[in-house]
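Residue numbers (the numbering used here): 708 to 1271.
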RNA sequence: CGGGGCGUAGCGUAGUCCGGUUAGCGCGCCUGCUUUGGGAGCAGGAGGUCGCAGGUUCGAAUCCUGCCGCCCCGACCA
């Protein structure tokens, strides 16, 4: 492709609205342009990469027996009402104003609709149906460029099986295919397993990429691969022991001491000698949560312990329930349910609030002084703590969800009445799985993981072009002749070449554009080296560059390519 | 949806607090000449509803009111 005849609008300056590296570079390298918040147009080179991702996905989906569909994005609302998802999606679903249609945010209903009455017998199963299609979600806050948009490309597939055992197989096939897809796209990913309790214990796995732009926080152990959303992640924090003789409880006057830090300073004690109190309201009843020192309550864990949703108590409620304001609340004398984090188990001589403003209590032994105290894992895992599985250190960081595989079960087949006859002639709902990949996210995540101060760094298996050929000062006939010939010859040899044949662009301009666009190998044809019958090559990733005789260029390129 | 920031030429911005000629600058763009291995030089030129609407004023990019759009943080995320 000749740049002089192409639309690749590169930008020297950073657009103000872009913040994260992938967004900045996708804009600067001319891959995308924004149309509206969360709505992006893909330009030729960007679309080329979208197609590349899609092709990789297609190959791997076809390899596990997937069959590609193309479903409508415009759906009758009625079909979504049958499964109750118009309400479930709420404002996230786009509705048309002049007809009862919605824009599909995903396609479980439509795929299930098509399976109904068609997958009639167990003999028709299993099936894997997929598509790569635009989805619409009215995100309250689109962000991070293409990573969270109101309109985005998604590969979604659905498996139909005769039993949950058979579903396990379809699920495993997807698990393997997904790993191949992300590996082929050069993504450094990890897998977070979760048994999502809310949906009836179905198994699901999320394919994640570490990134500050991520919306999930996960704990990950590089040693053994343990990974979990921080909302549920377990960890082994450093052990804490109490010291000294066991004392009896005693009251201390602590004027204006509210936080754990203030308490520690006032009494010259360590935060691990304190128990912090938090009052939550559950089903209109208060529960006191005790955490060691400054450990924060993990509300998700708390909710799963209690089996109900919680909210922090309002200041007025706290006063009414405990007789004190936040900062002076404690377990001794608290008359409602008390749950302490496991880390507090076995500790004594603890300090906590006295349920009386400006007073704290010392010498607390929770098991001795608090009747009916319960213990549970209520804290949030943090970097540096030990992995529950292998004991090595875990990392806690932000991550982007690239793909999600999910054992759906019969929710949609039941909702839409998609049944089949089993071996004994009994009608049963199809057992389904649902599996998604954010196509543009793959692209953005790749860039998040592969760039430097000059621009994008594509890798040889995952690049819009194999070679970027730069003809410097192309007004010189000698340069043009050689560069034109190289362009033709490299093309004939099967390389995809991006040819910078712009007449008016200076050398430096072309170099910087090439580095920005990130094609793995650059070949530079300039008058200077042509006198020696040589051209220059440069490896984008390493910056390695050298001169090579023109007749040795092809073998050099082969060598470079195989070493990349 | 809550909090914060921003909106001036294709991009990046000055000017806004404290109203006053023709809205300035860099990049990019067009024409010509020169230059040609790390984002060129000279000369000439085009390009603006100062986000939109209303108001105050002799006079509004600038002050007031309402709206729209974009970014960031948070909430939300089948």
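Each residue gets a CB set at the ideal place from its N, CA and C atoms; glycine is no exception. If you're wondering where the values come from, they're calculated on a predicted model, not measured in any experiment.
Check                                                                                                                                                                                                : Outcome
Return the first residue and the last residue of the beta strand (DSSP E) that residue 1244 is part of.                                                                                              : 1241-1246
By Cβ distance, which residues of its chain are closer than 6 Å to residue 1163, with the 5 residues on each side in sequence left out?                                                              : 732, 736, 1154, 1225
On the three-pair Cβ rule with 8 Å, is the segment 1079-1087 touching the segment 976-984?                                                                                                           : no
Would you mind giving the Cβ-Cβ distance between residue 1031 and residue 942, rounded to the nearest angstrom? I have them listed as a contact below 8 Å.                                           : About 32 Å separates the two Cβ atoms, so there is no contact after all.
Does the count of Cβ pairs from the segment 922-936 and the segment 1125-1137 closer than 8 Å reach three?                                                                                           : no
Tell me, please, whether the segment 887-894 touches the segment 925-932 by the rule of three or more beta-carbon pairs shorter than 8 Å.                                                            : no
Tell me the DSSP secondary structure of residue 711 in three-state form.                                                                                                                             : helix
According to DSSP, is residue 1011 part of a helix, a strand, or is it coil?                                                                                                                         : helix
Shortest alpha-carbon distance to residue 1248 belongs to which of 1238, 743, 1228?                                                                                                                  : 1228
Have a look at 821, 1124, 1143 and flag the residue whose alpha-carbon is nearest the alpha-carbon of residue 1110.                                                                                  : 1143
Sort out for me which residues DSSP pairs residue 851 with in a bridge.                                                                                                                              : Paired residues: none, contrary to the question.
Tell me whether the beta-carbon of residue 1207 lies closer than 7 Å to the beta-carbon of residue 1217.                                                                                             : yes
So what's residue 806 in DSSP terms, helix, strand or just coil?                                                                                                                                     : coil
Is the separation between the beta-carbon of residue 773 and that of residue 864 shorter than 7 Å?                                                                                                   : yes
I'd like to know whether the C-beta atoms of residue 1205 and residue 1172 end up nearer to each other than 7 Å.                                                                                     : yes
For residue 1245, which of 1219, 1238, 1239, 1234 has the nearest alpha-carbon?                                                                                                                      : 1219
Closer than 6 Å by C-beta to residue 836: which residues in its own chain qualify, once you throw out the five before and the five after it? Chain order, please.                                    : 774, 776, 818, 865
What runs of the beta strand (DSSP E), each 3 residues or longer, lie entirely inside the segment 895-940?                                                                                           : 897-903, 909-917, 923-927, 934-936
Am I right that residue 811 and residue 782 are in contact with their C-beta atoms under 8 Å? What's the rounded C-beta distance?                                                                    : 5 Å
Within the same chain, show all residues whose beta-carbon is closer than 7 Å to that of residue 1261, passing over the 5 residues directly before and after it, in chain order.                     : 1200
Mind checking who residue 1059 pairs with in its DSSP beta bridge?                                                                                                                                   : 1068
Are there 16 or more other CB atoms within 10 angstroms of the CB of residue 720, so buried, or fewer, so exposed?                                                                                   : exposed
Could you tell me the alpha carbon to alpha carbon distance between residue 908 and residue 1071, rounded to whole angstroms?                                                                        : Below a pLDDT of 50, predicted positions are generally treated as unreliable, and residue 908, at 45, falls in that range; the measurement from the model is reported next regardless. Cα-Cα distance, rounded: 40 Å.
Return the residue from the list 1259, 1256, 1251, 1258 that minimises the CA-CA distance to residue 1270.                                                                                           : 1251
Residue 1045 lies in the beta strand (DSSP E); which residues open and close that run?                                                                                                               : 1044-1048
According to DSSP, residue 837 sits in a beta bridge with which residue or residues?                                                                                                                 : 775, 864
Starting from the C-beta of residue 1210, find all residues in its chain whose C-beta is less than 8 Å away, skip the five residues before and the five after it, and write them out in chain order. : 711, 1181, 1182
Buried or exposed for residue 963, please, with buried defined as at least 16 other CB atoms from any protein chain shown within 10 angstroms of its CB.                                             : exposed
By the 10 Å Cβ neighbour count, where 16 or more other Cβ atoms means buried, how is residue 871 classified, buried or exposed?                                                                      : exposed
Which residue from 1212, 1159, 1120, 1253 puts its Cα closest to that of residue 816?                                                                                                                : 1120
Checking 7 Å against the spacing of the C-beta atoms, do residue 1017 and residue 987 come in under that value?                                                                                      : yes
Near residue 725, which residues of its chain fall below 6 Å by C-beta distance, leaving aside the five closest residues on each side in sequence?                                                   : 731, 734
Does residue 1213 pass the burial test, meaning 16 or more other C-beta atoms within 10 Å, or should it be called exposed?                                                                           : exposed
Tell me, to the nearest whole angstrom, how far the beta carbon of residue 854 is from that of residue 1106; I am working on the premise that it is less than 8 Å.                                   : The Cβ separation is near 12 Å, so there is no contact.
Which residue's Cα is closest to the Cα of residue 1140: 882, 843, 727, 758?                                                                                                                         : 882
Spatial neighbours of residue 906 within its chain, please: CB distance less than 7 Å, with the 5 preceding and 5 following residues excluded, ordered by chain position.                            : Note that residue 906 has pLDDT 42, beneath the 50 cutoff, so the model's placement of it is unreliable and the number below is only indicative. Contacts found: none.
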